[in-house]
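Residue numbers (full-length UniProt numbering): 1 to 87.
Virtual Cβ for every residue (Gly too), placed ideally from N, Cα, C.
This one's a predicted model, so the numbers in the text were calculated from it and none came from an experiment.
Accompanying notes for the structure given below.
Have a look at this one:
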């Protein structure tokens, strides 16, 4: 069996230096991947709404309408939504 192929490959790779990954870059990439996951998007819906008037946000189909719907807890009455949520 001819091992010259393996020796040539070893010599070729021996001249290269190994690259060590930057820990900050790796952790940033992990955070980006985690934020893009379906679980992260679902958690974002459970957060407190960042809109001032949830009813207006729902009716105008604003960018935070999903959070506004979650804040209203199925009711257009803000007092009832507050009682349902236990606030």
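Does DSSP classify residue i as helix, strand or coil?
| i | result |
| --- | --- |
| residue 35 | helix |
| residue 23 | helix |
| residue 40 | helix |
| residue 15 | coil |
Which word fits residue i, buried or exposed, when buried means at least 16 other C-beta atoms lie within 10 angstroms of its C-beta?
| i | result |
| --- | --- |
| residue 68 | buried |
| residue 71 | buried |
| residue 3 | exposed |
| residue 57 | buried |
How many angstroms separate the CA atom of residue i from the CA atom of residue j?
| i | j | result |
| --- | --- | --- |
| residue 43 | residue 55 | 21 Å |
| residue 79 | residue 39 | 30 Å |
| residue 36 | residue 66 | 17 Å |
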